[in-house]
Amino acid sequence: MSEDPGPGPALDRAGELAGEPDGFQRLWTPHRMAYIGGENKPADGAPGSGCPFCRAATLPDDEGLVVGRGPLTYALLNLYPYNSGHVLVCPYRHVADYTDLTPDEVAELGTTTRVAMRALRAAYAPQGFNLGINLGDVAGAGIAAHLHQHVVPRWRGDANFLPIVARTRALPEILADTRSRLAAAWARAAADEPAVQHDEGSPAC
Ligand SMILES: [Zn+2]
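For the sequence shown, the working numbering gives the first residue as 76, with consecutive numbering after it.
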């Protein structure tokens, strides 16, 4: 029995975890191995139970790669990151389209995105971000049935020749370590987020 060189076991069970396959290979550079996820997760039979985003939300945070949760939305690591710290922000509800979200879900999707940015800045000091939602297969959504916003931290020089010549992305940190760092930064990042004001009366001018 040879030691597994990377997070292969997690990728073997990719159908149980959340992420968007993009055709790239991942070159996991740390010489450490971590199992992410686990065996024999119960199916819950709820709508969208075959959906990795619905499933991840029901798992313990470390197993689902969840980095933070709000009442209506949560954030987790992409199993197929473009960069270290690639976070996906989702509503708990299994909805496909941005127009299907309630106003409160829209607001919290934005808030959770901001918290994710603050946590990433605290943990990794990225110099920029790519934010975006792909709606529909044709637009590039890997899992179109459950809306998710990408939060991709960027550093100058983070893209190198590997994606071009080898369909491979180099990732300097394994997902379990990234999740731990972001989850640890999450509470402080959430505390820095201004409280949402819900105006019930007539609109102020
Ligand atoms: Zn779902």
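C-beta: ideal position from N, C-alpha, C; glycine also.
What is the rounded straight-line gap between the Cα of residue i and the Cα of residue j?
i, j, result
"residue 259", "residue 215", "31 Å"
"residue 188", "residue 226", "7 Å"
"residue 210", "residue 185", "16 Å"
"residue 224", "residue 174", "14 Å"
"residue 41", "residue 142", "This structure leaves residue 41 out entirely; the chain is present only between 76 and 280."
"residue 247", "residue 256", "14 Å"
"residue 145", "residue 262", "11 Å"
Output needed for residue i: all residues of its chain with C-beta closer than 7 Å, excluding positions within five of it in sequence on either side, in chain order.
i, result
"residue 264", "190, 193, 194 and 197"
"residue 106", "Residue placement at residue 106 is flagged as unreliable, the pLDDT there being 38, under the threshold of 50; the coordinate-derived value follows with that caveat. Cβ within range, chain order: n/a, list empty."
Skipping 5 residues on each side, what residues in its chain have a beta carbon closer than 6 Å to that of residue i?
i, result
"residue 167", "132"
Is the beta carbon of residue i within less than 7 Å of some heavy atom of ligand 1?
i, result
"residue 221", "yes"
"residue 161", "no"
"residue 225", "no"
"residue 128", "yes"
Tell me which same chain residues have a C-beta within less than 8 Å of the C-beta of residue i, skipping the five on either side of it?
i, result
"residue 229", "158, 201, 202, 203, 204 and 205"
With DSSP as the reference, label residue i as helix, strand or coil.
i, result
"residue 246", "strand"
"residue 139", "helix"
"residue 204", "strand"
"residue 152", "strand"
"residue 127", "helix"
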